[in-house]
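Here the structure comes first, spelled out in structure tokens, and everything after it is commentary.
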Amino acid sequence: MHNHTVRVTGVLLHADKILLVQQQTESRAWSLPGGKLEPGETLEEGLIREMQEETGLDVRLIKQLYVCDKPEDCIVHITFLLEVDSLDQLRMPTNEFETTPITDMAWVAPVDLPEYGFSDQWARNVSLGFPDAPRYAGLKANVGL
1 MHNHTVRVTG VLLHADKILL VQQQTESRAW SLPGGKLEPG ETLEEGLIRE
51 MQEETGLDVR LIKQLYVCDK PEDCIVHITF LLEVDSLDQL RMPTNEFETT
101 PITDMAWVAP VDLPEYGFSD QWARNVSLGF PDAPRYAGLK ANVGL
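For the sequence shown, the working numbering begins at 1 and goes up steadily by one.
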């Protein structure tokens, strides 16, 4: 039996561009900001913490965009659309606790996402506003369970 890691990432749009962070991983150099949940965190708490650590921004979750698996690494990725009141606090992270430090940030137009290692399909989804996005209800109690 394998324990799965849950990763949360955020799509933050501003002036029709999406915020990416440069962080060298095995599959690409640019990615969405986010990271692994800590024990006891909700999806929302984890993503708010990760965004604060990686970008300095205080974000709000607007809606869940998608859930996808990486079974070979036992990882579940959950991505949300975010909003922020102000970009004044945007900053590079200290990378104090990062095993793969963030070295840059960029605001990228959807049409340019393939140049940053994202697929044409994903760039289209960003351009279209993720029309098939599901709903995130938060805690089980919010749906009556």
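Positions of the beta carbon are idealized from the N, C-alpha and C atoms, including for glycine. A quick note: this is a predicted structure, and the numbers were derived from the prediction, not measured.
Am I right that residue i and residue j are in contact with their C-beta atoms under 8 angstroms? What's the rounded C-beta distance?
i: Ile62; j: Leu37; result: 19 angstroms between Cβ atoms; not a contact.
i: Glu53; j: Pro101; result: About 12 angstroms separates the two Cβ atoms, so there is no contact after all.
i: Thr5; j: Ile48; result: That belief does not hold up - the Cβ atoms of Thr5 and Ile48 are roughly 18 angstroms apart, past 8 angstroms.
Out of the options, which has the shortest C-alpha to C-alpha gap to residue i?
i: His14; options: Ala106, Gly46, Gly35 and Arg49; result: Ala106
i: Asn142; options: Leu113, Thr42 and Lys17; result: Thr42
i: Val68; options: Asp88, Thr25, Ala133 and Val108; result: A small fix is needed here, since residue 68 is Cys in this sequence, not Val. With distances taken between Cα atoms, Cys68 lies closest to Ala133.
i: Val8; options: Pro71, Trp30, Leu65 and Ile18; result: Leu65
i: Phe130; options: Thr103, Glu83, Thr79 and Gln89; result: Thr79
Which residues in the same chain as residue i place their Cβ atom closer than 8 angstroms to its Cβ, once the five residues preceding and following it in sequence are excluded?
i: Ser127; result: Pro110 and Val111
i: Leu87; result: His14 and Leu57
For residue i, count neighbouring Cβ atoms within 10 angstroms of its own Cβ and tell me buried if that reaches 16, exposed if not.
i: Met1; result: Note that Met1 scores a pLDDT of 49, beneath 50, so its modelled location is shaky; the value from the coordinates is reported in the next line. Exposed is the call here.
i: Ser27; result: exposed
i: Glu50; result: buried
i: Asn125; result: buried
i: Gly35; result: buried
i: Gly10; result: buried
Who are the near neighbours of residue i in its chain, counting only those whose CB is closer than 7 angstroms to its CB and skipping five residues on each side?
i: Pro114; result: Asp120 and Ala123
i: Tyr116; result: Leu20, Trp30 and Val108
If I measure Cβ to Cβ from residue i and keep anything under 6 angstroms in the same chain, skipping five residues before and after, which residues do I get?
i: Glu83; result: Arg60 and Ile62
Only counting runs of 4 or more residues, tell me where the alpha helix (DSSP H) segments fall wholly within the segment 2-82, in order along the chain. Entirely contained in the segment 2-82, the alpha helix (DSSP H) runs reaching 4 residues are, in chain order, 43-55.
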